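Chemist: In the numbering used here, the protein residues as written are 1 to 446.
For glycine and all other residues, C-beta sits at the position ideal for the given N, C-alpha and C.
Only a predicted model underlies this, so the values are computations on that prediction, with no experimental measurement involved.
Below are the structure tokens for one structure; questions will follow.
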Ligand SMILES: Cc1cc2nc3c(=O)[nH]c(=O)nc-3n(C[C@H](O)[C@H](O)[C@H](O)COP(=O)(O)OP(=O)(O)OC[C@H]3O[C@@H](n4cnc5c(N)ncnc54)[C@H](O)[C@@H]3O)c2cc1C
């Protein structure tokens, strides 16, 4: 009976667990496969970061209902958790409530239509999917699925420093001095790594702003610390966001604090810098070189927060229809294109925008946004509500929109930027892209 065959959900992050809660509520049989050892494995890696969304926007409706049937203590709606709080107070209890419907140490390595590679037409509507799994102890398994919600996120595939989207010359060789995460400066080892050093932050999203603000605080305690901020775009412009006009006040406040640090001269800003090479100097430090001859010298450490990209490698036998620019589902891409939109202009969307030629296969959550930087958890919750309603045969609920997204206060709407000129270089949830101005061979920053 196909009804007993599970709806397989990839990833026990916030969106995967929300999908499972929705599926359970609708009487479907969800099975979450998570490669990590516990819920929220990716969020755990940025546990130290204070979120800009309050709890009220971080708990999925169906998940909240499931948790309320347990002894769970609901956090204060108005408080702002860290990533670690999100895991401890919500994701782990939620995974526990879902019980053996969540399997840990189960990495999905491939998905195909049973007995058919991508080329075969026959049976795509009737045959189930086969999900290839590698377990933590190295075994291989095959799981039959009636449908697949891939909510595996993009955290494991950060974008490189190189301005052309590929690692800069020498970037891999300098790996010891480069991190692709926001440093946790509450940890003594991390403080020692950055205190008194020349640190370069690359990127223009909220992750970059968060890194800058915490490094500026470190520099107050360790005044020899120098901070340079390299951006691909030609001006800092809208990077700081909408400030008081942002409907997520904590997100607006982060931009304000970063702008104050820049205005006060605590951060040296280098715009129009597209890193082409990272060279090791004879003094043991690094030099960053841009394609047009700018140099940032005497660098000790580089924090690269230039965004993420989806890992599509294990989906190669499925017929997905992805936008050639963003690698997001084709109907979703125009709604989230950072060349055109900011967070606040992204309309809620559901199964209609997230469907592919491959029946029953959906990308959801952070991964559905491909390379677009504006994803919010509540968007993902609405996506999986709609997808699961469709899987349960409730077309009316699948098509209904149950979400209003908060605006950033910097929204410009369609046509604000010329696609050919803009170059988003944001990390997660970044501010909208700015038009790129031409930068001349320029200064050397030391
Ligand atoms: C620093 C930071 C701050 C953020 N702050 C906010 C905020 O304030 N508000 C907001 O709304 N959003 C915020 N976001 C954006 C977004 O809500 C989060 O990234 C969220 O974690 C995305 O959820 P997800 O479930 O799509 O993916 P993830 O949380 O990345 O979860 C994916 C899961 O899939 C697992 N996985 C990956 N590959 C496989 C595989 N092949 N097989 C099995 N399992 C796999 C991973 O281990 C992980 O547990 C933030 C993001 C970052 C990075």
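1) Would you say the beta carbon of residue 59 comes nearer than 7 Å to a heavy atom of ligand 1?
2) Hey, out of 305, 298, 318, 204, whose CA is closest to residue 272's CA?
3) Given the structure, does residue 37 come close to ligand 1, in the sense that its CB is under 7 Å from one of the ligand's heavy atoms?
4) Where does residue 238 fall in DSSP's three states?
5) Here's the rule I'm using: 16 or more other beta-carbon atoms within 10 Å means buried, otherwise exposed. How should residue 166 be labelled?
6) For residue 67, I'd like the list of residues in its chain whose CB is within less than 7 Å of its CB, leaving aside the five on either flank, ordered along the chain.
7) Give me the DSSP bridge partner(s) of residue 102.
8) Between which two residues does the alpha helix (DSSP H) carrying residue 452 extend?
9) Here's a check: name, in chain order, each residue in its chain whose Cβ is nearer than 6 Å to the Cβ of residue 185, leaving out the five neighbours to either side.
10) For residue 449, count neighbouring Cβ atoms within 10 angstroms of its own Cβ and tell me buried if that reaches 16, exposed if not.
11) Would you say the beta carbon of residue 104 is closer than 7 Å to some non-hydrogen atom of ligand 1?
12) Restricting to Cα atoms, I'd like to know which of 383, 134, 371 is closest to residue 36.
13) Which first and last residues belong to the alpha helix (DSSP H) in which residue 396 is found?
14) Should residue 316 be labelled buried (16 or more other beta-carbon atoms within 10 Å of its own) or exposed?
15) Return the chain-ordered list of same chain residues with a C-beta closer than 6 Å to the C-beta of residue 180, the five sequence neighbours on each side being excluded.
16) Skipping 5 residues on each side, what residues in its chain have a beta carbon closer than 7 Å to that of residue 367?
17) Looking at C-alpha atoms only, which residue of 396, 22, 11 is the closest neighbour of residue 62?
18) Checking 8 Å against the spacing of the C-beta atoms, do residue 300 and residue 285 come in under that value?
19) The beta strand (DSSP E) spanning residue 299 covers which residue range?
20) In chain order, what are the residue ranges of uninterrupted beta strand (DSSP E) at least 3 long that sit wholly in the segment 339-382?
21) Go to residue 287, then tell me how far its beta strand (DSSP E) extends in each direction, as first and last residue.
22) Can you name the start and end residues of the beta strand (DSSP E) that residue 45 belongs to?
23) What are the partner residues of residue 110, as DSSP defines its beta bridges?
24) For residue 314, does the three-state DSSP call read helix, strand or coil?
25) Quick check on DSSP: helix, strand or coil for residue 228?
26) Give the straight-line distance between the Cα atoms of residue 265 and residue 258, rounded to the nearest whole angstrom.
27) Using the C-alpha atoms, what's the distance from residue 168 back to residue 268?
28) Beta-carbon separation of residue 318 and residue 330 under 8 Å?
29) Could you have a look at residue 320 and say whether DSSP puts it in helix, strand or coil?
Modeler: To lay it out plainly:
1) no
2) 204
3) no
4) helix
5) exposed
6) 93, 94, 97
7) 32
8) Since the first residue of the chain shown is 1 and the last is 446, residue 452 is not available in this structure.
9) 191, 214, 218
10) The shown model of the chain, from 1 to 446, leaves out residue 449, and the question about it has no answer.
11) no
12) 134
13) 395-399
14) Around the beta-carbon of residue 316, fewer than 16 other beta-carbon atoms lie within 10 Å, marking it exposed.
15) 158, 304
16) 150, 151, 152, 153, 154, 310
17) Comparing Cα-Cα distances from residue 62 to each of 396, 22, 11, the minimum goes to 22.
18) yes
19) 295-299
20) Runs of the beta strand (DSSP E) lying entirely within the segment 339-382, each at least 3 residues long, are 361-363 in chain order.
21) 286-290
22) Looking at the DSSP string, residue 45 is not in any beta strand (DSSP E), and its letter there is neither H nor E.
23) Its beta-bridge partners are 132.
24) helix
25) strand
26) 11 Å
27) Rounded to the nearest angstrom, the two C-alpha atoms are 22 Å apart.
28) no
29) Coil at residue 320, not helix or strand.
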